[in-house]
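In the numbering used here, the protein residues as written are 28 to 141.
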């Protein structure tokens, strides 16, 4: 575990810290050998030096973005494409039901999990 990532999570609102902690745990369960890095002011998760996912906390949400997701379909109202679709993101707001199992499945289908 990266101390800078821990500090980032600890500085957030309690509900955001809970979501970030669950996302962090999910990353470690889903992608064996995933490494944490604090880059560009955000927690990044890498496998074999390649970005798999990033967490970004904003004032009213937590965004979770996965990389190498061209083959993963967007899910209206849940998972949105970014750029050319190589990245996909979910925005989580206070009180939202979070589909951690669905996110783990999405991660398994991305290049970062292989």
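For each residue, glycine too, the CB sits at the ideal point set by N, CA and C.
Membership of residue 53 in the alpha helix (DSSP H) is indicated by the continuous run 41-57. In the three-state DSSP reduction, residue 34 falls in the helix class (H, G or I).
Taken in chain order, the whole alpha helix (DSSP H) runs of length 4 or more contained in the region 65-139 are 127-135. Relative to residue 122, the option among 74, 45 and 69 whose CA is nearest is 45.
Between residue 49 and residue 87, the C-beta gap is not smaller than 8 Å, which leaves the two residues out of contact.
Around residue 100, the same chain offers no residue with a beta carbon nearer than 6 Å, after the five sequence neighbours per side are excluded. The region 51-70 and the region 29-40 touch, with three or more beta-carbon pairs separated by less than 8 Å. Around the C-beta of residue 95, 16 or more other C-beta atoms lie within 10 Å, and the residue is accordingly described as buried.
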